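**Student:** Under our numbering, read the first sequence as residues 57 to 324, first letter to last.
First, the structure itself, so that you have it in front of you.
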Amino acid sequence: MPELPEVETVRIQLEDDLIGQVIRGSTLQWSRTLEGSSKIDFDQSILDQKITALRRRGKYLIIQLQTEHIVIHLRMTGRLYICDSAKGLDRWVRWSLHLDRKYLCFSDARKFGRIYVSSDLAELEKKLGPEPLTLSPVQWIELFHGQRAGLKSFLLNQKKLAGVGNIYADETLFEAKVHPLTLACDLEPSQARSLGATLQRQLTRAIAHEGSTISWYRKPDGSQGETQKHFQVYGKSDQPCPCCQMPLEKIKVAQRSTVYCPSCQRRV
DNA sequence: CGTGGGACCTGAACGC
DNA sequence: TGCGTTCAGGTCCCAC
Numbered sequence: 057m058p059e060l061p062e063v064e065t066v067r068i069q070l071e072d073d074l075i076g077q078v079i080r081g082s083t084l085q086w087s088r089t090l091e092g093s094s095k096i097d098f099d100q101s102i103l104d105q106k107i108t109a110l111r112r113r114g115k116y117l118i119i120q121l122q123t124e125h126i127v128i129h130l131r132m133t134g135r136l137y138i139c140d141s142a143k144g145l146d147r148w149v150r151w152s153l154h155l156d157r158k159y160l161c162f163s164d165a166r167k168f169g170r171i172y173v174s175s176d177l178a179e180l181e182k183k184l185g186p187e188p189l190t191l192s193p194v195q196w197i198e199l200f201h202g203q204r205a206g207l208k209s210f211l212l213n214q215k216k217l218a219g220v221g222n223i224y225a226d227e228t229l230f231e232a233k234v235h236p237l238t239l240a241c242d243l244e245p246s247q248a249r250s251l252g253a254t255l256q257r258q259l260t261r262a263i264a265h266e267g268s269t270i271s272w273y274r275k276p277d278g279s280q281g282e283t284q285k286h287f288q289v290y291g292k293s294d295q296p297c298p299c300c301q302m303p304l305e306k307i308k309v310a311q312r313s314t315v316y317c318p319s320c321q322r323r324v
């Protein structure tokens with residue numbers, strides 16, 4: 057499931073192919089993929105514009121044009137790749153962007169992914185908390201201060217912190233030895249700093265390993281990420297804890313399955 | 001402010 | 001073989 061490291065990997069791989077390209081049009085195969093405007097208005101606002109940058113904010117990928125931005129969210133099964141044809145290379149292509157002699161294809165089996173155009177990113181910013189990789193130790197303490205949500209819910213809340221999803225939330229809480237239902241405000245300052253540092257380590261390592269391929273995620277070149285080989289708890293319920301050998305437990309938190317070690321991650 | 005449930009979706013895995 | 005069920009989960013929206 058694309059989270060921050062997966063989206064960052066996609067950004068890095070597509071950057072060189074996209075920057076400097078000029079938009080010649082688009083094809084929309086599943087209308088709900090495009091939100092916020094009609095296909096005609098969408099095309100009109102991006103036509104003939106040059107791509108000046110490829111950016112990421114949380115789990116969003118942002119194709120920066122001269123006066124507009126194309127904002128893309130992959131949700132669960134979205135993939136992006138460069139291809140010679142607007143039809144793409146698989147049966148789940150929902151949208152493609154026409155460039156000079158190549159196409160950026162958006163494939164999305166589950167049809168949850170969304171794309172929209174926006175001249176300023178203020179609306180997006182309103183929905184998103186800070187980038188986890190830029191927070192300082194003091195900022196981590198401030199982030200958790202006074203927050204009465206359970207930590208698993210808090211980490212998944214994009215408005216509080218941008219880019220973390222189910223995989224890296226569970227892996228981080230395990231490595232930090234914190235119970236997923238611990239209230240954020242109950243962390244001691246030293247624990248808050250340490251949890252932040254652990255999350256940053258997890259995300260940085262996952263980017264270095266080019267993301268986690270659980271089922272659908274692929275890099276733009278079609279290959280899989282490597283991070284899943286290093287999972288300690290995600291998807292491993294009932295297996296022995298890598299630390300104490302007690303069986304890992306699965307519970308539902310905020311509608312998501314959550315795997316943790318009841319012995320190593322004691323509740324405060 | 002916080003949580004819980006449903007909706008959006010379809011493929012994979014599993015039970016019978 | 002094939003049908004039916006369950007699970008996966010990011011975000012939005014509504015109810016409490």
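Each residue gets a CB set at the ideal place from its N, CA and C atoms; glycine is no exception.
Model, not experiment: these values are computed from the prediction.
Using 10 angstroms around the beta-carbon of L217, count the other beta-carbons present and answer buried if the total reaches 16, otherwise exposed.
**Tutor:** Answer is buried; the Cβ neighbour count reaches 16.
**Student:** Across which residues does DSSP place I126 in a beta bridge pair?
**Tutor:** According to DSSP, I126 bridges with I119, V173.
**Student:** Could you have a look at Y224 and say whether DSSP puts it in helix, strand or coil?
**Tutor:** DSSP places Y224 in helix when its eight states are reduced to three.
**Student:** Relative to the alpha-carbon of E124, which residue among I102, L239, D164, Q301 has its alpha-carbon at the smallest distance?
**Tutor:** E124 has its Cα closest to that of I102, out of I102, L239, D164, Q301.
**Student:** Give me the Cβ distance between R312 and N222, rounded to the nearest whole Å; I'm assuming they're in contact under 8 Å.
**Tutor:** Contact flag correct, Cβ pair sits at about 5 Å.
**Student:** Determine which residues share a DSSP beta bridge with H154 and list them.
**Tutor:** Answer by DSSP bridge pairing, in chain order: G81, Y159.
**Student:** In the DSSP assignment, what are the bridge partners of V309?
**Tutor:** Its beta-bridge partners are R312.
**Student:** Nearest-angstrom Cα distance between G134 and L243?
**Tutor:** Straight-line Cα distance between these residues: approximately 35 Å.
**Student:** Give the C-beta separation of D73 and I138 to the nearest angstrom, bearing in mind that I take them to be a contact with Cβ-Cβ under 8 Å.
**Tutor:** Correct: roughly 5 Å between the Cβ atoms.
**Student:** On the three-pair Cβ rule with 8 Å, is the segment 252-266 touching the segment 109-116?
**Tutor:** No, they do not touch.
**Student:** With G252 as the anchor, note down where its alpha helix (DSSP H) starts and where it stops.
**Tutor:** Residues 245-264.
**Student:** In whole angstroms, what is the alpha-carbon distance linking K306 and R80?
**Tutor:** Each residue's Cα considered, the two are about 49 Å apart.
**Student:** Measuring straight from C-alpha to C-alpha, what distance separates D277 and C161?
**Tutor:** The straight-line gap from Cα to Cα measures roughly 12 Å.
**Student:** Quick one: give me the first and last residue of the alpha helix (DSSP H) that L211 is part of.
**Tutor:** Looking at the DSSP string, the run of the alpha helix (DSSP H) that includes L211 is 207-212.
**Student:** Tell me the DSSP secondary structure of L229 in three-state form.
**Tutor:** Reduced to three states, the DSSP call for L229 is helix.
**Student:** Could you check whether K285 and T65 sit closer than 7 Å to each other, using their CB atoms as the reference points?
**Tutor:** It is not a contact, given that the beta carbons lie outside the stated cut-off.
**Student:** Thinking C-beta only, is L207 closer than 7 Å to A232?
**Tutor:** Contact flag unset, no.
**Student:** Residues bridged to V149 by DSSP?
**Tutor:** S163, per the DSSP bridge assignment.
**Student:** Using a Cβ-Cβ cut-off of 6 Å (strictly less than) and excluding sequence neighbours within five positions of T293, which residues of its own chain qualify?
**Tutor:** The question names Thr, but residue 293 in the sequence shown is Ser. Result list for S293: L304, K306, V315, in chain order.
**Student:** Terminal residues of the continuous beta strand (DSSP E) containing A109?
**Tutor:** Residues 107-113.
**Student:** When the distance is taken between beta carbons, is R67 closer than 7 Å to L117?
**Tutor:** Yes; because the gap between Cβ atoms is below 7 Å, this pair is in contact.
**Student:** With DSSP collapsed to three states, give me the class of C241.
**Tutor:** Note: C241 maps to helix in three-state DSSP.
**Student:** Closest by CA to A310, which one among P245, I96, F210?
**Tutor:** The candidate whose alpha carbon is nearest that of A310 is F210.
**Student:** CB of R204 to nearest heavy atom of the ligand MG: below 6 Å?
**Tutor:** With respect to small molecules bound, the structure shown includes none, and the ligand MG cannot be examined in it.
**Student:** Based on Cα-Cα distance, which residue from I96, I171, R147, K143 lies nearest to H129?
**Tutor:** Looking at the Cα atoms, I171 is the closest of the given residues.
**Student:** How many angstroms separate the CA atom of F98 from the CA atom of S152?
**Tutor:** So the alpha carbons of these two residues sit roughly 13 Å apart.
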